[in-house]
Amino acid sequence: MKEKDLKHILRKDYNFKENWKSILNLLFGKIDYFSTPSNPFFEEDKVKAGKQIGAIKLDDNKSLAIFEVEVDDSIRIDQNRKGLRDIAAKHIDQNITHGALVFFYSKNQTDYRFSFIAKWSDIDLETGEFIKG
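If you read the sequence shown in my numbering, its first letter stands for residue 636, the second for the next number, and so on.
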């Protein structure tokens, strides 16, 4: 895929199957798309519909979830980066899911947001201190 092809795709309205699936397949080798996506967002007031549509296995054996989240029309996608991040970040458990690629969209807004969200923690073996990142 050439740079101009990628720019053309990124300027289009959000459509995972038609646009983003080919980009992710190009970037990641081990993607498992779910035939029956789960909905971990069912308790979120700001989410109209949400689903985990797949998972990416990275070379270091960590895993990224692929989430697609339709937000309520009252949420300004172009101005609500932290609020949107918080919706998805709680589903990163650092055991099975180490990060997420999240597509936030609304059928009534032209903008959509693609976010990479990751959390990590470790224990300093010398001090016993818990480290969060």
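Beta carbons: idealized from backbone N, C-alpha and C, even for Gly.
Reduced DSSP secondary structure (H/G/I, E/B, other) of residue i
i: serine 741; result: coil
i: serine 709; result: coil
i: leucine 736; result: strand
Cβ neighbours of residue i in the same chain (closer than 7 Å, five flanking residues each side left out)
i: lysine 652; result: none
i: lysine 697; result: His733
i: valine 737; result: Phe702, Val704, Ala723, Ser750 and Ile752
i: isoleucine 731; result: Ser698
Where residue i falls, given that 16 or more other Cβ within 10 Å makes a residue buried
i: glutamine 687; result: buried
i: isoleucine 766; result: exposed
i: glycine 691; result: The sequence given here has isoleucine at residue 691, not glycine. Buried.
Neighbourhood of residue i by C-beta distance below 8 Å, restricted to the same chain and skipping five residues each side
i: proline 716; result: The sequence given here places arginine at residue 716; proline does not occur at that position. Cβ neighbours of arginine 716 beyond the five flanking positions: Arg748 and Ser750.
Whether residue i touches residue j by CB criterion (9 Å)
i: glycine 718; j: lysine 681; result: yes
i: isoleucine 758; j: phenylalanine 739; result: no
Residues near residue i by beta carbon distance below 6 Å, same chain, minus five either side
i: lysine 769; result: The question about residue 769 has no answer, for the chain in this structure spans 636 to 768.
Fill in: Sequence ranges, alpha helix (DSSP H) only - wholly within the region 656-734, length at least 4
656-662 and 716-724
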